[in-house]
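*Asks:* Pasting in a structure now, in structure tokens, and then I'll have a few things to ask.
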Amino acid sequence: MRISINFSPKEHVYVRKVYAALAVCLFAASSVFAAGYGAYSRAESRVAPLKAKAGSLEAEIKAVDRKLAEAKKTVDPSRSKSDALQVEFVNSAIRQKSFSWTAFLNRVEGLVPDGVGITAIRPEFTTLNVEITGKADGIGQALKFVEVLTRSRYFDDIPPVFHTTEVLADKDVGKTVQQFSIRIRYYPDGRPGAAPVPQEAGTEEAGTDKDAAGEGD
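With our numbering applied, the sequence shown corresponds to residues 6 to 222, in that order.
Structure (structure tokens):
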């Protein structure tokens, strides 16, 4: 009969289990490290050409900046300002030429009610805002002109900037008139989404039938 006796204490058995567990953990950690290092190496190999290209682009940008700085030294500031003014003058002339005075005046003429006279028209060719000044026999006629103007599909449909002042026209008889000023946006091709308004007595949506003849002036 064979008898086997284990003289190892319990603590020794526990330590052996701990060592075994540590060995497994070290093996797993080594595997993870190896995999991570491999991924890092592959990424580094792809990043290196990009870094080189970025360095080349930075060098080119610095070279362009140096050339631009040298070019600025050769430019006369007063000449640059003069050239800019000439360009703006040419652009303003082009915008003014494209503004058809015939079509505009035809449209405004058909909107002026009885008792109202226009004294001045000052358009801004860049924004197409138009300032119209004139005189009316009374406040009623001035307000009617504003109403008809804003209902036209060639002008803004919101109340424009409007000022009116009562002035003495004939001191012998004490006659007064309303001197007014209107600032409103003009749409040569018609306000977007606006439909033609039915004509009223004494007014005419001028230009609706005359556009073809007036736009080319």
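The C-beta atom is built at its ideal place from N, Cα and C for all residues, glycine as well.
If you follow the beta strand (DSSP E) that Phe185 is part of, which residue opens it and which one closes it?
*Replies:* In the sequence shown, residue 185 corresponds to position 180, counting from 1. Its beta strand (DSSP E) spans residues 180-190.
*Asks:* Let's test the definition: count the other Cβ atoms within 10 Å of the Cβ of Lys149 and tell me whether it reaches 16, buried, or not, exposed.
*Replies:* Looking up residue 149 in the sequence shown gives position 144. The residue in question, Lys149, is buried, as its Cβ has 16 or more Cβ neighbours within 10 Å.
*Asks:* Can you tell me which of Asp142, Ile189, Ser36 puts its alpha carbon nearest to the alpha carbon of Thr181?
*Replies:* In the sequence shown, residue 181 corresponds to position 176, counting from 1. Comparing Cα-Cα distances from Thr181 to each of Asp142, Ile189, Ser36, the minimum goes to Asp142.
*Asks:* Using the C-alpha atoms, what's the distance from Val121 back to Ala147?
*Replies:* Start at 1 with the first residue of the sequence shown, and residue 147 comes out as number 142. Start at 1 with the first residue of the sequence shown, and residue 121 comes out as number 116. Taking the straight line joining both Cα atoms gives about 7 angstroms.
*Asks:* Using CA atoms only, rank isn't needed, just tell me which of Thr169, Gly43, Val135, Thr107 is closest to Asp161.
*Replies:* Translated into the one-based positions of the sequence shown, residue 161 becomes position 156. Checked all of Thr169, Gly43, Val135, Thr107; the closest Cα to Asp161 is Val135.
*Asks:* With 16 other CB atoms within 10 Å as the buried threshold, where does Ile187 fall?
*Replies:* Translated into the one-based positions of the sequence shown, residue 187 becomes position 182. The residue in question, Ile187, is buried, as its Cβ has 16 or more Cβ neighbours within 10 Å.
*Asks:* How big is the Cα-Cα spacing for Val23 and Ala40?
*Replies:* As a working note, residue 23 is residue 18 in the sequence shown. As a working note, residue 40 is residue 35 in the sequence shown. Roughly 26 angstroms separates the two Cα atoms.
*Asks:* Please state the DSSP three-state secondary structure of Val37.
*Replies:* Numbered from its first residue, the sequence shown carries residue 37 at position 32. Reduced to three states, the DSSP call for Val37 is helix.
*Asks:* Please report the residue range of the alpha helix (DSSP H) in which Leu116 lies.
*Replies:* For the purposes of this step, residue 116 is taken as residue 111 along the sequence shown, with counting starting at 1. Here Leu116 belongs to no alpha helix (DSSP H), and DSSP marks it neither H nor E.
*Asks:* Can you tell me whether DSSP reads Leu133 as helix, strand or coil?
*Replies:* Counting from one through the sequence shown, the residue named residue 133 turns up at place 128. Reduced to three states, the DSSP call for Leu133 is coil.
*Asks:* Got a sec, what are the start and stop residues for the alpha helix (DSSP H) Ile144 sits in?
*Replies:* Counting from 1 along the sequence shown, the entry for residue 144 is found at position 139. 144-156 is the span of the alpha helix (DSSP H), which, as asked, contains Ile144.
*Asks:* Check Ile66 in the structure and name its three-state DSSP category.
*Replies:* Position 61 of the sequence shown, counting from 1, holds the residue named residue 66. Three-state result, Ile66: helix.
*Asks:* According to DSSP, is Arg196 helix, strand or coil?
*Replies:* For the purposes of this step, residue 196 is taken as residue 191 along the sequence shown, with counting starting at 1. Reduced to three states, the DSSP call for Arg196 is coil.
*Asks:* Determine the direct distance from the alpha carbon of Glu65 to that of Leu55, and round the result to whole angstroms.
*Replies:* Here residue 55 refers to the residue found at position 50 of the sequence shown. Here residue 65 refers to the residue found at position 60 of the sequence shown. Rounded to the nearest angstrom, the two C-alpha atoms are 15 angstroms apart.
*Asks:* Between Gly115 and Phe185, how many whole angstroms is the CB-CB distance? I'm expecting something under 8 angstroms.
*Replies:* Taking the first residue of the sequence shown as position 1, residue 115 is located at position 110. Taking the first residue of the sequence shown as position 1, residue 185 is located at position 180. Rounded, the Cβ-Cβ distance is 19 angstroms, inconsistent with contact.
*Asks:* Mapping the DSSP letters down to three states, classify Lys140 as helix, strand or coil.
*Replies:* The residue labelled residue 140 in the question sits at position 135 within the sequence shown. Correct three-state label for Lys140: strand.
*Asks:* Output needed for Ile123: all residues of its chain with C-beta closer than 8 angstroms, excluding positions within five of it in sequence on either side, in chain order.
*Replies:* Taking the sequence shown and counting its residues from 1, one reaches residue 123 at position 118. Hits under 8 angstroms: Val113, Val117, Ile137, Thr138, Gly139.
*Asks:* Between which two residues does the beta strand (DSSP E) harbouring Ile126 extend?
*Replies:* The residue you call residue 126 lines up with position 121 of the sequence shown. Taken as a continuous stretch (DSSP letters only), the beta strand (DSSP E) holding Ile126 covers 121-128.
*Asks:* Using a 10 Å radius around the Cβ and a threshold of 16 neighbouring Cβ atoms, would you call Arg21 buried or exposed?
*Replies:* Along the sequence shown, read from residue 1 onward, the residue named residue 21 stands at position 16. Classification for Arg21: exposed.
*Asks:* Out of Ser50, Arg190, Ser61, Gly60, point me to the one whose CA is closest to Phe130's CA.
*Replies:* Along the sequence shown, one-based indexing puts residue 130 at 125. Closest by alpha carbon: Arg190.
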